[in-house]
């Protein structure tokens, strides 16, 4: 009895001492960390393929259920999938957009408009040594949909990982020692405050088998922010190339060793042997850094580039080209289009696409579970079917229509011109002096300037309209502008939602204004994601055109018309919007071609005839 | 009765418990402070890590490893491996500067090597300031694992704790490792290609040891995450730096004895010297010769003569040319998984 008492006394003392020995601040830090993890993991998603074979992880980024994952996860899951969340509930989800090169996919969960979602962080602020944790569904363990959490630190930043296979290339990614295992793919990497800084997707495995070796890579959230608008467009997104090859020279500088003479970089003045100094605001000292910067931007974006040519430094804005031709990328993802069937031949079953061999440095192909119905995907549920529209070249065309309608409705709410289908007469002062008058109708586009009068017939072939000389085809571009406002995107012909782009003119960058704005060492990425503009693109009359809408007002801010892929577009910038007869209308139009401004006109008189007369 | 519980002993227990808890309080406070400054710790340690490139690059043999700077004048501590088995060892520092490195010396028992690059004013780990750690100590491992970092990119950092301090029982392939001394076993996954030669520090950035090579535990066959404590290596490093391991310049005939030792005198026949750097394997031992008396055998690989590293048949012949035939030669050979040291003397001339 005495011994028992003594033992209990000692135990009591130990217990008190144990509590007393932990400092209050440590307990608080521990509690804070648990709270952060608890909150963050609510947004994590366990993805299961609809047929029960395979899956991975994801993370919800908006209350209406948009969620990020890896392309290589959704590729195995099909267009419809099941997503389990920490609340123990299983939601239907549908594919929205894919980025096969960057290994990102956007899906949408259905059934709520108040999904717990992750707060986006700024991955350019992350430093080595910072705490980080990965949440996900490793080995598809989350049978009750409760995610697994692994805690670690950031092991490296701005990592470049060489392409694996034909598509995949990880650039500017984060490296962590938090355990990343098969099934973690597509899941979130959070910082110590529970902000989303990356999507886990790859690891260095090599000799050790396909389990964690302390080296996982996450696609930086800032890269994804650049692509998010394109992904929401239901697209198969491509990455960019400069159209030039870069190498490190013996003196340690990075220089152009090859350049395509039909590339935008060449037209902007970049030549063989030039030294690359800065790109998107980042100093370039290694080829890896250059590739890191290049890899985080979608094609068609204009990115500031500083180069040195024969001792002199130049600032240019380079329009990035696609890494693939559109059909090439689609073929790699969706396969070749089926050849038209020969009428007399017996119908043959097309051979299945060969399965891609998993790369040795790519973690997941996903872990497999025993199939419920081997080889047979269940039919798409009706609620998912309503949000899915297959179209070649798109991951899900339904979302393109949604985004296009949203953008157009916003624009048309400011000014509806569908009844003004008659002739438009615009008069104003030229910045260079003198007066200009424009006449635009369905069949003609004309300009009268101090230099004279030019009139172009607007027919099926806009590519042949180059007037006025040196403008890149301003009359054709103006007619496209009027056409969009009058008929709208549905009847424009082949006009689709493109995604989001920064509105940067070449002048902005030559002025160095954009470099200051976008610069520091934070690049374009992330810092101004909220200022990205909605864009639509399409073809009409044999030219490719792109309409860019102001992110704040929804007004049409710019139009770019490409008469030929090898030439600069004619650019129109619309500004100084003001209300005229109940509709907002631009009072200033600038036309740019190449590196120069062709004209700027301040409109003083605007007459828009009602339709029916022609 | 010694085990009798008394009020006095109870007071003693309370007192010692209080002392202990106070101590623990200090330790945990220090721990909390450490975690906050991890960015700084990393920033201070990164410039002291070197990326080393050399031989390899085929059949799963990486041509890179890690190293840590141990002097402002460019002394670099790393593991001794095939990567260094070339005349073209290249070192890239944290800021992207590249240097050609010279192999000052190596110790096959510890499997360490010291390189030297021609630089000054570098950040480095002061070996004398290295600390030792007990199990539970939180640690960081800095390395060039998987060759991820190139140029001016930062080395990778993993975190963990010292899981135990124990003797190394490991093998590479079927070979037991020569070093069987104490190591830190850590729970960070340091055992990756290219990580060997990296630094293990505590959370304050103080050096604890050098990350070891890719080895498997002899007992469990699992990959070992370990580092060799600095105190195990300092004597050897000092010797190498002091010049005891330095290979002498080869073109100074004045230093050569009139009658030097030869392989023939020792009764050693090496494999035919057909490569630029043919490893000095014993092909045959002449019966009755000094080599035979010392029990040297065919297939023995000569590593050291008189504590000088010999990496090729040519290097061996060159080293011998500096040894007078009246002197005793100390030879270290590797036979299977054992290191064997013997002394050889040429027969006295009539």
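Chains as they are written, first to last, in my numbering: chain A, 1 to 614; chain B, 1 to 350. Beta carbons are placed, not taken as given, at the ideal position from N, Cα and C, and that holds for glycine. Given the structure is predicted, the values throughout are model-derived calculations rather than measurements.
When you compare the CB positions of residue i and residue j, do they come within less than 9 Å of one another, or not?
i	j	result
residue 46(A)	residue 136(A)	yes
residue 143(B)	residue 164(B)	no
residue 229(B)	residue 214(B)	no
residue 140(B)	residue 200(B)	yes
residue 217(A)	residue 278(A)	no
residue 212(A)	residue 180(A)	yes
residue 76(A)	residue 58(A)	no
residue 51(B)	residue 113(B)	no
residue 92(B)	residue 151(B)	yes
residue 286(A)	residue 254(A)	yes
residue 599(A)	residue 547(A)	no
In its own chain, which residues sit with a C-beta less than 7 Å from the C-beta of residue i, not counting the 5 before and 5 after it?
i	result
residue 214(A)	177
residue 234(B)	127
residue 144(A)	88
residue 482(A)	424 and 440
residue 434(A)	449 and 450
residue 333(B)	296, 300, 301, 302, 303 and 340
residue 63(B)	53, 54, 55, 56, 57 and 83
residue 103(B)	84, 89, 113 and 115
residue 121(A)	191, 195, 196, 197 and 221
residue 569(A)	472, 560, 561 and 562
Can you list, in chain order, the residues of its chain whose CB lies under 6 Å from that of residue i, leaving out five sequence neighbours each side?
i	result
residue 330(B)	306 and 343
residue 519(A)	Annotation note: pLDDT 41 at residue 519(A) (below 50); position unreliable, coordinate value reported separately. Hits under 6 Å: 281.
residue 602(A)	428, 429 and 588
residue 71(B)	124
residue 596(A)	none
residue 42(B)	157
residue 387(A)	94 and 398
residue 305(A)	279, 316 and 318
residue 333(A)	100 and 236
Please list, in chain order, all residues of the same chain as residue i whose beta carbon is under 8 Å from its beta carbon, the five residues on each side excluded.
i	result
residue 634(A)	No information on residue 634(A) is available, as it lies outside the stretch 1 to 614 that chain A covers here.
residue 25(B)	Note that residue 25(B) scores a pLDDT of 46, beneath 50, so its modelled location is shaky; the value from the coordinates is reported in the next line. Around residue 25(B): no qualifying Cβ.
residue 488(A)	408, 412 and 418
residue 550(A)	503, 533, 556 and 557
For a contact defined as C-beta to C-beta under 9 Å, what are the partners of residue i on chain B?
i	result
residue 286(A)	96, 150, 151, 152 and 153
residue 219(A)	Those within 9 Å of residue 219(A) in chain B number zero; the least Cβ separation is about 16 Å.
Could you tell me if the beta carbon of residue i falls within a distance shorter than 8 Å of some heavy atom in the ligand ZN?
i	result
residue 264(B)	What this structure holds is no ligand at all, so the ligand ZN is not there to describe.
Give the residues of chain A in contact with residue i, contact being defined as C-beta atoms less than 8 Å apart.
i	result
residue 188(B)	177 and 214
Against residue i, what residues of chain A qualify as contacts under a CB-to-CB distance less than 7 Å, listed in chain order?
i	result
residue 41(B)	129
residue 215(B)	The premise fails here: residue 215(B) is roughly 13 Å from chain A at the closest Cβ pair, so nothing lies under 7 Å.
Please list, in chain order, the chain B residues whose beta carbon lies closer than 7 Å to that of residue i.
i	result
residue 537(A)	Within 7 Å Cβ-Cβ: nothing; residue 537(A) doesn't reach chain B, min ~37 Å.
So residue i contacts chain B; which residues on that side make the cut at Cβ distance below 8 Å?
i	result
residue 204(A)	145, 146, 148 and 192
Which bits of chain A does residue i rub up against, with CB to CB less than 9 Å?
i	result
residue 69(B)	None at all; the shortest Cβ gap to chain A is about 18 Å.
Next on the checklist: Three Cβ pairs or more, each shorter than 8 Å: is that satisfied between the region 410–426 of chain A and the region 578–588 of chain A?
Outcome noted: yes
Checklist entry - Can at least three beta-carbon pairs, one atom from the region 101–108 of chain A and one from the region 64–74 of chain A, be found at a separation below 8 Å? => result yes
Item to check | Interfacial residues, the region 261–282 of chain A to chain B, with Cβ spacing under 8 Å | outcome: none
Checklist entry - Do three or more CB pairs link the region 396–407 of chain A to the region 90–97 of chain A at distances below 8 Å? => result yes
Checklist entry - In the region 184–198 of chain A, which residues sit with their C-beta less than 8 Å from some C-beta in chain B, listed in chain order? => result none
Item to check | Stretch pair the region 201–213 of chain B + the region 227–234 of chain A: three plus CB contacts closer than 8 Å | outcome: no
Checklist entry - If we count Cβ pairs, one from each stretch, closer than 8 Å, do we get three or more for the region 258–277 of chain B versus the region 316–334 of chain B? => result yes
Checklist entry - Taking contact to mean at least 3 C-beta pairs separated by less than 8 Å, is the region 322–335 of chain A in contact with the region 263–273 of chain A? => result no
Checklist entry - Any residues in the region 150–164 of chain A with a beta carbon nearer than 9 Å to a beta carbon of chain B? Which ones, in chain order? => result 152, 153, 154, 155, 156, 157, 158, 159, 160 and 161
Checklist entry - Which of the residues in the region 154–169 of chain B, read from start to end, lie with their CB under 7 Å from any CB of chain E? => result You won't find chain E in this structure, because its protein chains are A and B.
Item to check | Cβ-based contacts, 9 Å cut-off: residues of the region 41–61 of chain B near chain A | outcome: 41, 42, 43, 46 and 60
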